Amino acid sequence: KASHIPLRSFNADGSLLALGIDSAKGIELWLVTVKTGKARQVKGVYLNDSFVSRSMIWNHDDKSLLIAARVDNKIVLKRETLDTPSIEEASGTKIQARSYPYLLRTESDRKLFERAAGVQIMAVDTSTLKTRLIGKPVLLSEMEPAPDGKHLLVQSFAEPFSFAVPAERFGEKVEIWDLAKGSVQSLLSIALAENVPPEGVRTGPRGIGWQVGHPARLLWVEALDEGDPRKKVEHRDRLMSWDLPFKGEAEERFRMKNRFSSIRFMPENDRLLIGDSDRDSFQTLVHQIDLKDAAQKKLILDYNSKDVYNFPGNIVMQPDGSGEQRVVTDGDWIFLDGNGRNPSGEKPFLDRLNLKTGVKERLFESDGASEFLEEFSFFLGRKTNQLVLSRQSASSPPNLWAVDPLTKTKKQLTQRIDNVPEMSGAIKKPLIYTRKDGLTLSATLYLPKDYKEGTKLPAIIWAYPEEYRAKDAAGQVRVSDKRYSRPSAIGIAWLVTQGFAILDNAAMPIVGEKETGNDAFIEQTVSNAEAAVDALDKLGVVDRKRIAVGGHSYGAFMTANLLAHSNLFCAGIARSGAYNRSLTPFGFQSERRTFWEAKDFYMNVSPFAVADKIKTPLLLIHGKDDNNPGTLTMQSERMFQAVRGVGGVARLVLLPYESHGYIAKENVQLMHNETMSWLNRFCGEKK
Numbered sequence: 080k081a082s083h084i085p086l087r088s089f090n091a092d093g094s095l096l097a098l099g100i101d102s103a104k105g106i107e108l109w110l111v112t113v114k115t116g117k118a119r120q121v122k123g124v125y126l127n128d129s130f131v132s133r134s135m136i137w138n139h140d141d142k143s144l145l146i147a148a149r150v151d152n153k154i155v156l157k158r159e160t161l162d163t164p165s166i167e168e169a170s171g172t173k174i175q176a177r178s179y180p181y182l183l184r185t186e187s188d189r190k191l192f193e194r195a196a197g198v199q200i201m202a203v204d205t206s207t208l209k210t211r212l213i214g215k216p217v218l219l220s221e222m223e224p225a226p227d228g229k230h231l232l233v234q235s236f237a238e239p240f241s242f243a244v245p246a247e248r249f250g251e252k253v254e255i256w257d258l259a260k261g262s263v264q265s266l267l268s269i270a271l272a273e274n275v276p277p278e279g280v281r282t283g284p285r286g287i288g289w290q291v292g293h294p295a296r297l298l299w300v301e302a303l304d305e306g307d308p309r310k311k312v313e314h315r316d317r318l319m320s321w322d323l324p325f326k327g328e329a330e331e332r333f334r335m336k337n338r339f340s341s342i343r344f345m346p347e348n349d350r351l352l353i354g355d356s357d358r359d360s361f362q363t364l365v366h367q368i369d370l371k372d373a374a375q376k377k378l379i380l381d382y383n384s385k386d387v388y389n390f391p392g393n394i395v396m397q398p399d400g401s402g403e404q405r406v407v408t409d410g411d412w413i414f415l416d417g418n419g420r421n422p423s424g425e426k427p428f429l430d431r432l433n434l435k436t437g438v439k440e441r442l443f444e445s446d447g448a449s450e451f452l453e454e455f456s457f458f459l460g461r462k463t464n465q466l467v468l469s470r471q472s473a474s475s476p477p478n479l480w481a482v483d484p485l486t487k488t489k490k491q492l493t494q495r496i497d498n499v500p501e502m503s504g505a506i507k508k509p510l511i512y513t514r515k516d517g518l519t520l521s522a523t524l525y526l527p528k529d530y531k532e533g534t535k536l537p538a539i540i541w542a543y544p545e546e547y548r549a550k551d552a553a554g555q556v557r558v559s560d561k562r563y564s565r566p567s568a569i570g571i572a573w574l575v576t577q578g579f580a581i582l583d584n585a586a587m588p589i590v591g592e593k594e595t596g597n598d599a600f601i602e603q604t605v606s607n608a609e610a611a612v613d614a615l616d617k618l619g620v621v622d623r624k625r626i627a628v629g630g631h632s633y634g635a636f637m638t639a640n641l642l643a644h645s646n647l648f649c650a651g652i653a654r655s656g657a658y659n660r661s662l663t664p665f666g667f668q669s670e671r672r673t674f675w676e677a678k679d680f681y682m683n684v685s686p687f688a689v690a691d692k693i694k695t696p697l698l699l700i701h702g703k704d705d706n707n708p709g710t711l712t713m714q715s716e717r718m719f720q721a722v723r724g725v726g727g728v729a730r731l732v733l734l735p736y737e738s739h740g741y742i743a744k745e746n747v748q749l750m751h752n753e754t755m756s757w758l759n760r761f762c763g764e765k766k
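Add 79 to the 1-based position in the sequence shown for my numbering, that's all there is to it.
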């Protein structure tokens, strides 16, 4: 039995499953033969996933599993009890970093980091379970075997370590290890990135990895604007390549107008689809390029990522015979699947696009008149004439169906049943309403399954603000009444089982220019909330005086601001938020200006600065170990002290061992109990 299996990976043909299983001593490595179900433990080996993104990865030789193992199984990772002085110095160089918690502070921290990041790479023979050491221990950041199965890309942290930025911005050594000979070839040095511009990227190589289908060719991208999105340049990024034996110089392959966002490999080994996106306009471009012929480049997709009505769909990918993800093709055609958002909800679709002619054809579209929502999941096997669809409704969970588009025959593949009838039986409907400036807003309304017409219920509006440039995109409908309602551990829809109406995912658009759009944050947030309250009131299903508001992270920031700047609500639920923006001085969320460039704005949108105006009871919930930049646990502690200090009504709940989201069953239960108690206390029926 295993209480937690954090790591799992199938080999290329799906015959073996590698598992990393938590135990008292560490993460054990197990191999499972899928056909028989037999599980075998690799004795004496414990995985180290402290910093490396993949601590176990199948080699392309189909015989071995490469793992990142603990260097010393006896090491105990504990801070020294005797603290030491911490000294930092500013030497005139700008370092504008977000408010990162848990950075290195002392020499003791540095030593602790080295012990935590220390890894011994090993190869595990899947037949005998014998292990072989690969190289010497390293402070591992990334490892990836080449498609030839003979070489290993190793990226390791390099000193000096920074006290100003997290490990992901440390310098790195990039090496190629020969798995047979044991030789090491130093390839690149990536510099420490302390002064990355707000919303920018580091200079030099980033996103280094092997080209799928080529024996040993590395690809990466580099910034052409010094990583600064504010700089006006013709191209922001370029794609680079370097082939084994890595002599001479790397070769530039393609220049991107916007910031690199994706790379997809075609079945033909040298054809790629490269995506780039712009942070200001939300433009996304996808080009087809041929590494054998630089002149063969073609724009195949150009769309606005915020315009959901005109989203062309996601490029369909499936694993090839070696387990690598590839673009699915049929001759010159690729496939696109999307959710088909429209003013009436959504009609998921599958299209095919001809890369030569640009012609697009629709292969499948969900029936808008049906109570069921069907959407493409994957192709059955290697051919594209058999689809597997996911089919669900408001009361039935998603199940997979095999479908033949020509004969229209269907076969159910999975038999998931409704195991939360309390939720699926609830009344669920999209609510479309209008802001006072004419902007269309939408949300999902839940009512108890036994709701009686004419009854006015207590309610809660749950939302998260989002930035837009244009009203036409901000006003698009993003809800559906055909999706199965399954409560998440930290969701809010479960309150419908307790007699509350829920307005979930209520639209909270902030529309404005790229640099100053947030100046209207308060005005537009209040206007959004007023529209939602008016819509609920007009519907006649809620008691206008018993509507609460809540949100997580940026939604918590929104909640505190609504309580300070309106009298719409009976209570507020703010989880893991930030409330004093002077403590996030180098930007937050979509805000690009620093505190010193927009002091008035930073203070005007800080609920902490107007805590004396918060007259509505506010419940603050936060993880004690929040490591999300900008939402340090201290934010909720100081906000609570401020509200209490000016005579307001508030409650602070700090959850032990939790970060930005909440995982432990005991903490999740406490969060729900505190939420329910607070709402009953201030929004329930007065007795």
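Every residue gets a Cβ at the ideal spot worked out from N, C-alpha and C, and that includes glycine. Keep in mind the model is a prediction, meaning the values are calculated, not measured.
- Would the beta-carbon of ASP355 fall within 8 Å of that of PHE344? no
- Task: Indicate whether VAL467 and TYR525 have their beta-carbon atoms separated by less than 8 Å.
- Result: no
- Using 8 Å as the threshold, is the segment 527-546 in touch with the segment 717-729, meaning 3 or more CB pairs across them? no
- Query: Can you tell which of ILE742, LEU297, LEU267 and GLU716 has its C-alpha closest to the C-alpha of ALA237?
  - Reply: LEU267
- Message: If distances are taken between C-alpha atoms only, which option among ALA243, SER241 and ARG248 comes closest to GLN234?
- Response: ARG248
- Query: Looking at the structure shown, is GLN668 part of a helix, part of a strand, or coil, going by DSSP?
  - Reply: coil
- Query: Between SER669, PRO664 and THR695, which lies nearest to MET682 when the distance is taken from Cα to Cα?
  - Reply: PRO664
- Out of SER472, VAL438 and GLY460, point me to the one whose CA is closest to GLU454's CA. SER472
- Item | Whole-number beta carbon distance between ALA97 and LEU144, since they are thought to touch under 8 Å | 6 Å
- Item | Any beta strand (DSSP E) of 3 or more consecutive residues that is wholly inside the segment 589-641 | 621-631
- Message: Relative to the C-alpha of GLY504, which candidate in LYS489, THR488 and TYR530 has its C-alpha closest?
- Response: TYR530
- Cut-off 6 Å between Cβ atoms - residues of its own chain near SER265, not counting five sequence neighbours on either side: GLU254
- Task: With DSSP as the reference, label SER756 as helix, strand or coil.
- Result: helix
- Message: DSSP three-state label for ASN421, please.
- Response: strand
- Any chance you could list the beta strand (DSSP E) runs of at least 3 consecutive residues sitting entirely within the segment 272-332, in chain order? 285-289, 296-302 and 316-322
- Out of curiosity, what's the CA-to-CA distance linking VAL558 and ILE700? 27 Å
- Item | Presumed contact (8 Å Cβ cut-off) between VAL628 and GLY651, rounded CB distance | 6 Å
- Given LYS593, which residues of its chain have a CB within under 6 Å of its CB, disregarding the five upstream and five downstream residues? ASP359
- Message: Quick test of the definition: if touching needs 3 or more C-beta pairs under 8 Å, does the segment 256-263 touch the segment 226-233?
- Response: yes
- Any contact of the segment 272-279 with the segment 308-315, i.e. 3+ C-beta pairs under 8 Å? yes
- Message: Bridge partners for VAL203 per DSSP, in chain order?
- Response: LEU144 and THR210
- In angstroms, rounded to a whole number, what distance separates the CA positions of ALA225 and TYR563? 42 Å
- Query: Tell me which same chain residues have a C-beta within less than 7 Å of the C-beta of GLN491, skipping the five on either side of it?
  - Reply: ASN478 and TRP480
- Query: Are SER456 and LYS426 close, meaning C-beta to C-beta below 8 Å?
  - Reply: no
- Message: Going by DSSP in three states, TRP675 sits in which element: helix, strand or coil?
- Response: coil
- Task: Classify THR488 as buried or exposed, calling it buried when 16 or more other Cβ atoms lie within 10 Å of its own Cβ.
- Result: exposed
- Task: Identify whether GLY410 lies in helix, strand or coil by the three-state DSSP scheme.
- Result: coil
- Task: Round the Cβ separation of LEU647 and ALA608 to the nearest angstrom and send it over; I've been treating them as touching at under 8 Å.
- Result: 6 Å
- Message: Does GLU301 pass the burial test, meaning 16 or more other C-beta atoms within 10 Å, or should it be called exposed?
- Response: buried
- What did DSSP end up calling VAL559 once you bin it into helix, strand or coil? The question names Val, but residue 559 in the sequence shown is Ser. Coil, per DSSP.
- Message: If I measure Cβ to Cβ from VAL482 and keep anything under 6 Å in the same chain, skipping five residues before and after, which residues do I get?
- Response: LEU466, LEU468 and LYS489
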